[in-house]
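Asks: Encoded as structure tokens, here's the structure I'll be asking about.
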Amino acid sequence: MSKTESNNISVQFDGKKCIHARRCVLGLPMVFQPGTKGGWIFPENANAEEIARVIDSCPSGALTYDRHDGGVEESMPRVNTSRICENGPNEIRGDIRIPGEEPRKRVLLCRCGASKNKPFCDNSHNEASFVATGEVGATDNTATLEGRDGPLDVNPIKNGPVRVAGNLEITAGSGRSVATGQKFSLCRCGASGNKPFCDGSHAKVGFEAD
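Just so you know, we're using full-length UniProt numbering here: the sequence shown kicks off at 1 and counts up by one.
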């Protein structure tokens, strides 16, 4: 992980998590300049508030920050969500706990089965020509939740799905609600006939992942 600082903010970048969504580059091109010799993040070129809000939009969590100006840090989402990306990963936002990882608020989880950085997405769905709609229909799984936030345990099962426990709303790519509940098994082998949910196809296709 690299770190770049100005007087008002420190910006951390984890290249292993980046999928080049380019929200940073398009949001603040004077700060985020890929290909620049000697480093590509220049936090001195904008105020800390602008930089923080652009980093908040980074879907993978590759970019994080610490403010030194007393300004607002990244807030915890009020609703834990898992958004189904068209032909791509599950974008999860919430109080996320993954075994062996630091708690985080944003993460992209592979659902094509081809990532070399499982359980995280690394854009391998593009090379694999993965096809899976982000606009699945609403399900009957619409449990009434007493709360909508709180800890969200995300546990990749060896050679199987990702099991998620905690208050969660699954949404289509458009934001339309698909399901709400406290326990879900999400496909990560790419073979389920009921995406984004697991249907046991990982066993049939011989999916292997720690």
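Note that the Cβ used here is the ideal one computed from N, Cα and C, for glycine as well.
What separation, rounded to the nearest whole angstrom, lies between the Cα atoms of V11 and K204?
Replies: Distance between the alpha carbons of V11 and K204 is about 43 Å.
Asks: Just how far apart, CA to CA, sit P77 and C189?
Replies: Cα to Cα, the separation comes out at about 28 Å.
Asks: Give me whichever residues DSSP pairs with F184 in a beta bridge.
Replies: Note: F184 sits in a beta bridge opposite V164.
Asks: Quick check: A143 and A128, are their CB atoms within less than 7 Å of each other?
Replies: Not a contact, by the Cβ cut-off of 7 Å.
Asks: Return the CA-CA distance between C24 and S60, expressed in angstroms with no decimal places.
Replies: Cα-Cα distance, rounded: 12 Å.
Asks: Just checking, does the segment 120 to 134 make contact with the segment 150 to 166 on the three C-beta pairs under 8 Å criterion?
Replies: They do not touch, by the three-pair rule.
Asks: In the DSSP assignment, what are the bridge partners of L63?
Replies: According to DSSP, which records beta bridges pairwise, L63 is partnered with F13.
Asks: Assuming contact is defined by CB atoms lying nearer than 7 Å, are G134 and C85 in contact in what I supplied?
Replies: Yes.
Asks: Do the CB positions of A48 and G71 come within less than 7 Å of each other?
Replies: Cβ distance < 7 Å, so A48 and G71 count as in contact.
Asks: Suppose you measure from the CA of C18 to the CA of C110; what does that come to, to the nearest Å?
Replies: Taking the straight line from one Cα to the other gives about 13 Å.
Asks: Which full runs of the alpha helix (DSSP H) of 4+ residues lie inside the segment 110 to 166, going along the chain?
Replies: For the segment 110 to 166, whole alpha helix (DSSP H) runs of length 4 or above, ordered along the chain, are 124 to 127.
Asks: List the residues that DSSP assigns as beta-bridge partners of residue 212.
Replies: The shown model of the chain, from 1 to 210, leaves out residue 212, and the question about it has no answer.
Asks: Alpha carbons only, please: which of G200, E208, E146 is nearest the one belonging to V79?
Replies: With distances taken between Cα atoms, V79 lies closest to E146.
Asks: Where DSSP assigns a beta bridge to S177, which residues make up the other side?
Replies: According to DSSP, S177 bridges with T171.
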